[in-house]
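Structure record follows, encoded as structure tokens.
There are 2 protein chains.
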Amino acid sequence: MDAVVARRGATTPTVIDVPRPEPGPGEALVRTLRVGVDGTDREVLAGTHGGFPDDEDYLILGHEAVGVVVDPNGTSLTAGDIVVPTVRRLPATGTNDYFERGQADMAPPSMCRERGIDGAHGFMAEYFTSPAETLVEIPESLAPLGFLVEPVSISEKAIEHASASRSAFDWQPESALVLGNGPLGLVTLAMLDGYDRTYCVGRRDRPDPTIDIIERLGATYVDSRETPVESFPTVHEPADFVYEATGHAKHAIETVAALAPGGVGALLGVPESWAFEVDGGDFHKDMVMNNKALVGSVNSSAAHFRAAADRLTGFPTWFTEALVTDVVGVEAAAEAFANDERTIKTAVEFDTL
Amino acid sequence: MDAVVARRGATTPTVIDVPRPEPGPGEALVRTLRVGVDGTDREVLAGTHGGFPDDEDYLILGHEAVGVVVDPNGTSLTAGDIVVPTVRRLPATGTNDYFERGQADMAPPSMCRERGIDGAHGFMAEYFTSPAETLVEIPESLAPLGFLVEPVSISEKAIEHASASRSAFDWQPESALVLGNGPLGLVTLAMLDGYDRTYCVGRRDRPDPTIDIIERLGATYVDSRETPVESFPTVHEPADFVYEATGHAKHAIETVAALAPGGVGALLGVPESWAFEVDGGDFHKDMVMNNKALVGSVNSSAAHFRAAADRLTGFPTWFTEALVTDVVGVEAAAEAFANDERTIKTAVEFDTL
Numbered sequence: 003m004d005a006v007v008a009r010r011g012a013t014t015p016t017v018i019d020v021p022r023p024e025p026g027p028g029e030a031l032v033r034t035l036r037v038g039v040d041g042t043d044r045e046v047l048a049g050t051h052g053g054f055p056d057d058e059d060y061l062i063l064g065h066e067a068v069g070v071v072v073d074p075n076g077t078s079l080t081a082g083d084i085v086v087p088t089v090r091r092l093p094a095t096g097t098n099d100y101f102e103r104g105q106a107d108m109a110p111p112s113m114c115r116e117r118g119i120d121g122a123h124g125f126m127a128e129y130f131t132s133p134a135e136t137l138v139e140i141p142e143s144l145a146p147l148g149f150l151v152e153p154v155s156i157s158e159k160a161i162e163h164a165s166a167s168r169s170a171f172d173w174q175p176e177s178a179l180v181l182g183n184g185p186l187g188l189v190t191l192a193m194l195d196g197y198d199r200t201y202c203v204g205r206r207d208r209p210d211p212t213i214d215i216i217e218r219l220g221a222t223y224v225d226s227r228e229t230p231v232e233s234f235p236t237v238h239e240p241a242d243f244v245y246e247a248t249g250h251a252k253h254a255i256e257t258v259a260a261l262a263p264g265g266v267g268a269l270l271g272v273p274e275s276w277a278f279e280v281d282g283g284d285f286h287k288d289m290v291m292n293n294k295a296l297v298g299s300v301n302s303s304a305a306h307f308r309a310a311a312d313r314l315t316g317f318p319t320w321f322t323e324a325l326v327t328d329v330v331g332v333e334a335a336a337e338a339f340a341n342d343e344r345t346i347k348t349a350v351e352f353d354t355l
Numbered sequence: 003m004d005a006v007v008a009r010r011g012a013t014t015p016t017v018i019d020v021p022r023p024e025p026g027p028g029e030a031l032v033r034t035l036r037v038g039v040d041g042t043d044r045e046v047l048a049g050t051h052g053g054f055p056d057d058e059d060y061l062i063l064g065h066e067a068v069g070v071v072v073d074p075n076g077t078s079l080t081a082g083d084i085v086v087p088t089v090r091r092l093p094a095t096g097t098n099d100y101f102e103r104g105q106a107d108m109a110p111p112s113m114c115r116e117r118g119i120d121g122a123h124g125f126m127a128e129y130f131t132s133p134a135e136t137l138v139e140i141p142e143s144l145a146p147l148g149f150l151v152e153p154v155s156i157s158e159k160a161i162e163h164a165s166a167s168r169s170a171f172d173w174q175p176e177s178a179l180v181l182g183n184g185p186l187g188l189v190t191l192a193m194l195d196g197y198d199r200t201y202c203v204g205r206r207d208r209p210d211p212t213i214d215i216i217e218r219l220g221a222t223y224v225d226s227r228e229t230p231v232e233s234f235p236t237v238h239e240p241a242d243f244v245y246e247a248t249g250h251a252k253h254a255i256e257t258v259a260a261l262a263p264g265g266v267g268a269l270l271g272v273p274e275s276w277a278f279e280v281d282g283g284d285f286h287k288d289m290v291m292n293n294k295a296l297v298g299s300v301n302s303s304a305a306h307f308r309a310a311a312d313r314l315t316g317f318p319t320w321f322t323e324a325l326v327t328d329v330v331g332v333e334a335a336a337e338a339f340a341n342d343e344r345t346i347k348t349a350v351e352f353d354t355l
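Going down the list, the sequences are from chains V and R.
The first sequence lines up with residues 3 to 355 when you count with this note's numbering.
The second sequence lines up with residues 3 to 355 when you count with this note's numbering.
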């Protein structure tokens, strides 16, 4: 079958022929419909994130998949179920407390593998197998957009953890700032419809399709070339919630400065090592005297996938239509990994219902 | 009546004669029993924290008080009630959302005054008045230690907020690290009796009374001159919970490095501005990839005071006896502000039951 892979030493994806997988005990066989592409996939291709399966010279890409169960293989699934696979799997060393407790999403990198990212093949192939408990059923009507369930679930978790961190008091957030106008930032902005005022930071000139989406969502576009994040609270307002989705290393510190008293920042981006000077005294004092909070968040659980499927059904059609700029066939898979200013969210389509 | 005050320009406390306060509408008159001294009081005296009431050249010190209601003045209190006052009061500008919602402890510094600290007289006098709703009743048996309710309440809030930030998953913390062996650090260590393994960082040589307390509480003393906080996780173990009670500016960053995956750090200390180099990329990435959290916490609410009174009754007698190294009369008040290696927690006694 066709599979889109990263090869050791190559920075562009390749389509190769690999054997169709056979489901093992407890696993179902899934026919792939679509697989989304995100910044992590590009980092995997660039070699800056994740890694190959042991003893293999290629990694099947893709962690944002939707497919149809073709062989339930004795599991509780039924042929024809539309499913989205979670991403984390047991490490080579076997099980551990995180998996035993059903909290694989809270495991450190050394205690899990991530399909399509780190140490385990992904879903960007005509078929994949996966343990039944990692396959989250979604309504058939969501199948065309099912590849968005995983990225939305990432924000479901981050927002849940951020809200939890403010649950010890009667938090009444009104303003939210999203750092980053990539697909994760835009999806998150669409999820923050309970906020009175939302802002989204980017570095793009108008006309730009992401700015159009930001403004159609009722948010204010903030060009960080004109208004650096550290100036945001004075130019606009301190934000009750800040969501960091760029991986710019200085944002962890700047997020706190941009927060209103009692606010919380969620960190999602993954920067490289970078040493620079900060006023650590001001950062520390601001955290304390203004009761601020920060949460780092990565990956998500099956519960977040289910919440994401619900969330997706509530997104306006214009939004998902504007967000998904390309769905390409497997023969054009490399195009789905391109990242120009016209591209927002892309997917590779293997089959349809 | 006698009052222990900070005067503008002076860095040692003075006892002066001031008029006995008259309770206004909704206020009760309280005869002071004891008032504790902490690091914040020393910062107020040093002029590095808080400020004088408008148009006054002195500030009555003290925010850790216990007293007896002598004139309920038509409030719901009864003469003879043992009470502990909360610290925050309305700012000069009048009420605001934080006070309206009963969340004065979440207000930023500009939206509150703090008795004995910032802009309002404290409790270190023979009598004080306070609105009835700011006076938390405690059992008469707790009266001698009632001055510990406020500092314990500070940690009740911080621990509550830290736990809340991990409430979105099944957090099962086992190890805790307290940065600082001052009275707040030691009190917090005594509160962490649900942890399997606890550690407390100080910079003292043996023999030392704080090290004795740390070890009698079953915790491991960590000398930061030998084991800097950044080395703590490799020398000992990453901690599920880190409590920062020194105000050392680098600790905000180092706290995150000391955390186990899924852990949370509570920041309590209040450093001055201090710029230094940090690997902001590693800090940011560690927060994200290991699902770590930070909460800043200051002040506390009446609910935290009530929890603190319950907590105090559970402390072993040996602990509070070892913790409170001096209770002095008002004539020797200056001694209570001394801070040598023999001193842990001190109080000024105005009267007894």
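C-beta: ideal position from N, C-alpha, C; glycine also.
Note to self: Could you give the first and the last residue of the continuous alpha helix (DSSP H) run that contains L314/V?
What the structure shows: Looking up residue 314/V in the first sequence gives position 312. First-last of the alpha helix (DSSP H) with L314/V: 304 to 316.
Check: If you count every other CB in all the chains shown that lies within 10 Å of the CB of F278/R, and 16 or more means buried, which is it?
Finding: Locating residue 278/R in the second sequence gives position 276, counting from the first residue. With fewer than 16 Cβ atoms within 10 Å of its Cβ, F278/R is classed as exposed.
Item checked: Sheet register partners of Y60/R (DSSP bridge) -> Taking the first residue of the second sequence as 1, we reach residue 60/R at position 58. According to DSSP, Y60/R bridges with R9/R.
Margin query: Would V272/R pass as an interface residue toward chain V - the criterion being a Cβ-Cβ separation below 8 Å?
Written below: Numbered from its first residue, the second sequence carries residue 272/R at position 270. True, the Cβ-Cβ gap to chain V drops below 8 Å.
Next item on the list: For T190/V, I'd like the list of residues in its chain whose CB is within less than 6 Å of its CB, leaving aside the five on either flank, ordered along the chain.
Entry: Mapped onto the first sequence, residue 190/V falls at position 188. Answer for T190/V: S157, V180, Y245, listed in chain order.
Note to self: Counting C-beta neighbours from all protein chains within 10 Å, is the total for N293/V 16 or more, i.e. buried, or is it exposed?
What the structure shows: For the purposes of this step, residue 293/V is taken as residue 291 along the first sequence, with counting starting at 1. When all chains shown are included, N293/V counts as buried.
Notebook entry, point to check: Where does E333/V sit, in a helix, a strand or coil, going by DSSP?
Noted result: Against the first sequence, residue 333/V aligns to sequence position 331. Residue state, collapsed to three classes: helix.
Item checked: Cβ-based burial, D99/R [other Cβ within 10 Å; buried from 16] -> The residue labelled residue 99/R in the question sits at position 97 within the second sequence. The C-beta of D99/R has fewer than 16 other C-beta atoms within 10 Å across all chains shown, which makes the residue exposed.
Check: Which residues mark the beginning and the end of the alpha helix (DSSP H) in which V231/V is found?
Finding: The sequence position of residue 231/V within the first sequence is 229, counting from 1. Here V231/V belongs to no alpha helix (DSSP H), and DSSP marks it neither H nor E.
Next item on the list: Counting only the same chain and skipping the five closest in sequence on each side, list residues whose C-beta sits under 6 Å from that of G182/R.
Entry: As a position in the second sequence, residue 182/R is number 180, starting the count at 1. Only A247, T248 meet the Cβ criterion.
Note to self: Could you check whether the Cβ of F243/R sits closer than 8 Å to any Cβ belonging to chain V?
What the structure shows: Working through the second sequence from its first residue, we reach residue 243/R at position 241. Closer than 8 Å: no.
Next item on the list: Kindly indicate which three-state DSSP category G76/R falls into: helix, strand or coil?
Entry: Mapped onto the second sequence, residue 76/R falls at position 74. Three-state DSSP puts G76/R in coil, outside helix and strand.
Item checked: Span of the beta strand (DSSP E) around I84/R -> The sequence position of residue 84/R within the second sequence is 82, counting from 1. Start and end: 84 to 87.
Next item on the list: Residues of the segment 98 to 109 of chain V with a CB closer than 9 Å to any CB of chain R: list them in chain order, please.
Entry: D99, Y100, R103, G104, Q105, D107, M108, A109
Notebook entry, point to check: Skipping 5 residues on each side, what residues in its chain have a beta carbon closer than 7 Å to that of V7/R?
Noted result: Against the second sequence, residue 7/R aligns to sequence position 5. If we look at V7/R and ignore the five residues flanking it on each side, its Cβ neighbours are P15, T16, I18, Y60, L61, I62, L63.
Check: Helix, strand or coil for V224/R per DSSP?
Finding: Within the second sequence, numbered from 1, the residue matching residue 224/R stands at position 222. Reduced to three states, the DSSP call for V224/R is strand.
Next item on the list: Report buried or exposed for R103/R, applying the criterion of at least 16 other Cβ atoms within 10 angstroms of its Cβ.
Entry: Locating residue 103/R in the second sequence gives position 101, where the first residue counts as 1. When all chains shown are included, R103/R counts as exposed.
Item checked: Under 8 Å between C-beta atoms of A122/R and V20/R -> For the purposes of this step, residue 122/R is taken as the residue at position 120 of the second sequence. For the purposes of this step, residue 20/R is taken as the residue at position 18 of the second sequence. Their beta carbons are not under 8 Å apart, which means A122/R does not touch V20/R by this criterion.
Check: Taking 8 Å as the CB-CB limit, is D56/V close to chain R?
Finding: As a working note, residue 56/V is residue 54 in the first sequence. No - not a single Cβ of chain R is within 8 Å of the one on D56/V.
Check: What does M289/V reach in chain R if we use C-beta pairs closer than 7 Å?
Finding: Numbered from its first residue, the first sequence carries residue 289/V at position 287. Under the 7 Å cutoff, chain R gives A254, L269, L296, G298.
Next item on the list: Return helix, strand or coil for R44/R, following the three-state DSSP convention.
Entry: Within the second sequence, residue 44/R is the residue found at index 42, counting from 1. In this structure, DSSP gives R44/R a helical state, which the three-state scheme calls helix.
Next item on the list: Report yes if the CB atom of E343/V is closer than 8 Å to the CB atom of R206/V, and no otherwise.
Entry: If you number the first sequence from 1, residue 343/V lands on position 341. If you number the first sequence from 1, residue 206/V lands on position 204. Contact flag set, yes.
Checklist line | Where L296/V falls, given that 16 or more other Cβ within 10 Å makes a residue buried | finding: Here residue 296/V refers to the residue found at position 294 when the first sequence is read from its first residue. The residue in question, L296/V, is buried, as its Cβ has 16 or more Cβ neighbours within 10 Å.
Note to self: If contact is defined by three or more beta carbon pairs under 8 Å, each pair taking one atom from either stretch, is the segment 38 to 56 of chain R in contact with the segment 70 to 88 of chain R?
What the structure shows: no
Check: Would you report the Cα separation of V330/V and V72/V, rounded to the nearest angstrom?
Finding: On the first sequence, residue 330/V is found 328 positions in, with the first residue counted as 1. On the first sequence, residue 72/V is found 70 positions in, with the first residue counted as 1. Rounded to whole angstroms, V330/V to V72/V spans 23 Å at the Cα level.
Margin query: Any heavy atom of the ligand GDP inside 7 Å of the beta-carbon of S143/V?
Written below: Inclusion of the ligand GDP in the displayed structure is not the case, the ligand content being empty and no account of it being possible.
Next item on the list: Could you tell me how far apart the beta carbons of I84/V and A145/V are, in whole angstroms, since I believe they sit closer than 8 Å?
Entry: Here residue 84/V refers to the residue found at position 82 of the first sequence. Here residue 145/V refers to the residue found at position 143 of the first sequence. Between A145/V and I84/V the Cβ distance is about 5 Å, and since that is below 8 Å, they are a contact.
Notebook entry, point to check: Is G76/V close to chain R, meaning its C-beta is less than 8 Å from at least one C-beta of that chain?
Noted result: Within the first sequence, numbered from 1, the residue matching residue 76/V stands at position 74. With 8 Å as the cut-off, G76/V does not count as an interface residue toward chain R.
Check: Apart from the five residues just before and just after P133/V, which ones in its own chain have a Cβ nearer than 6 Å to its Cβ?
Finding: As a first step, residue 133/V must be located in the first sequence, where it is residue number 131. Cβ within range, chain order: G28, E29.
Next item on the list: Can you have a look at E66/R and say buried or exposed, based on whether 16 or more other CB atoms are within 10 angstroms of its CB?
Entry: On the second sequence, position 64 is the one that residue 66/R refers to. So E66/R counts as buried.
Item checked: Proximity of A311/V and V68/V at Cβ, strictly below 8 Å -> As a working note, residue 311/V is residue 309 in the first sequence. As a working note, residue 68/V is residue 66 in the first sequence. No; because the gap between Cβ atoms is not below 8 Å, this pair is not in contact.
Next item on the list: Would you list, in chain order, the members of the segment 160 to 187 of chain V that have their beta-carbon closer than 7 Å to a beta-carbon of chain R?
Entry: If the cut-off is 7 Å between Cβ atoms, the segment 160 to 187 of chain V has E162, H163, A166, S167, S169, A170, F171, D172 near chain R.
Next item on the list: Can you pull the chain R residues whose beta carbon is under 7 Å from the beta carbon of N293/V, in chain order?
Entry: The residue labelled residue 293/V in the question sits at position 291 within the first sequence. Per Cβ cutoff of 7 Å: M108, G298, S299, V300.
Note to self: For a test of the three-state rule: what should DSSP assign to Y100/R, helix, strand or coil?
What the structure shows: Numbered from its first residue, the second sequence carries residue 100/R at position 98. It is helical.
Check: Which of helix, strand or coil does DSSP assign to T213/V?
Finding: Within the first sequence, the letter at position 211 stands for residue 213/V. Position check: residue 213/V holds Ile in this sequence, whereas Thr was assumed. I213/V falls in the helix class under three-state DSSP.
Check: Which of the three DSSP states, helix, strand or coil, is assigned to K294/R?
Finding: The residue labelled residue 294/R in the question sits at position 292 within the second sequence. Coil.
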